[in-house]
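**Q** Got a structure here, written out as structure tokens. Questions coming.
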Amino acid sequence: MQVPNLTVLYEDDDVLAIDKPAGLVVHDAETATIQPTVADFARQQGVIDPDSDRPGIVHRLDKDTSGVMLIAKHPEAKAFLQRQFKQRQVEKSYIALVRGRLRQEHAIIRLPIGRHRKQPVKRAVIPGGRASVTEYWVREVYAGASLVEISLHTGRTHQIRVHFSYLGNPVIGDTFYGEKQLPRGLTRQFLHAAQISLELPSHKKVTIESPLPSELESYLQNVSS
């Protein structure tokens, strides 16, 4: 199988930070078809991990979400990063374009998320779900859309997409959680993992950034014109 050719945003003896493109799944368990994955790239880079299915994987991005993603190079680094995520010491910042205008310029969404009762592959805001916290700031308002910067305080599956859909402002292009179809000019949802800040196993503190992909940049320019 062809291994994806990914851009490395940062690398040291313990960690790789990659720029994951939209359309690429993280590991085989996320797809029913045979296709290249981030895990394949990690294996090619010589990542050492007893978990051969998820080598070095300490967090994930949805298939159609682009942006910065971390890979641990060895078990000690993986354990260190997993503790960072579990203790919520990793700061993740996303950029999204959502439908409509939000009621507040800045807010913290605290809504529990669990499996959708009728469609288990989906997530939904439900009583008794896992505590889920999303903070956002509106950066620009356009005709029928708002550009938001998002900070995740928890890391639930599809968290951003579920929360904004529940508010009535689904991520533009997200046909799984509210959009009827992809708008002209987009082939995926407008959601990008723009930045991650953390302490590395070397105890060095870093902020790693991923630029907005050209497809999203072009769509944004068309919306704003």
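In the numbering used here, the protein residues as written are 5 to 229. Here a beta-carbon is modelled for each residue, glycine too, at the ideal position from N, C-alpha and C.
Under DSSP, the alpha helix (DSSP H) around Lys126 begins and ends at which residues?
**A** Lys126 -> no alpha helix (DSSP H), and no H or E assigned at all.
**Q** State whether the stretch 161-173 contacts the stretch 212-228, with contact taken as three or more CB pairs (one from each stretch) at a distance under 8 Å.
**A** no
**Q** To which residues of the same chain is Ala81 closer than 7 Å at the C-beta, ignoring the five residues directly before and after it?
**A** Asp18, Val19, Pro205
**Q** Ordered along the chain, which non-local residues of its own chain (more than five positions away) have a Cβ less than 6 Å from that of Gly182?
**A** Ser169, Pro174
**Q** If you run the structure through DSSP and keep just helix, strand and coil, what is Ile164?
**A** Ile164 falls in the helix class under three-state DSSP.
**Q** For Ala111, which of helix, strand or coil comes out of DSSP?
**A** strand
**Q** Between Arg47 and Ala76, what straight-line distance do the alpha-carbon atoms span, to the nearest angstrom?
**A** 11 Å
**Q** Just the Cα atoms here: how many angstroms apart are Val62 and Phe84?
**A** 10 Å
**Q** Between the Cα of Tyr146 and the Cα atoms of Ile130, Ser229, His196, Lys184, which residue gives the shortest distance?
**A** Ser229
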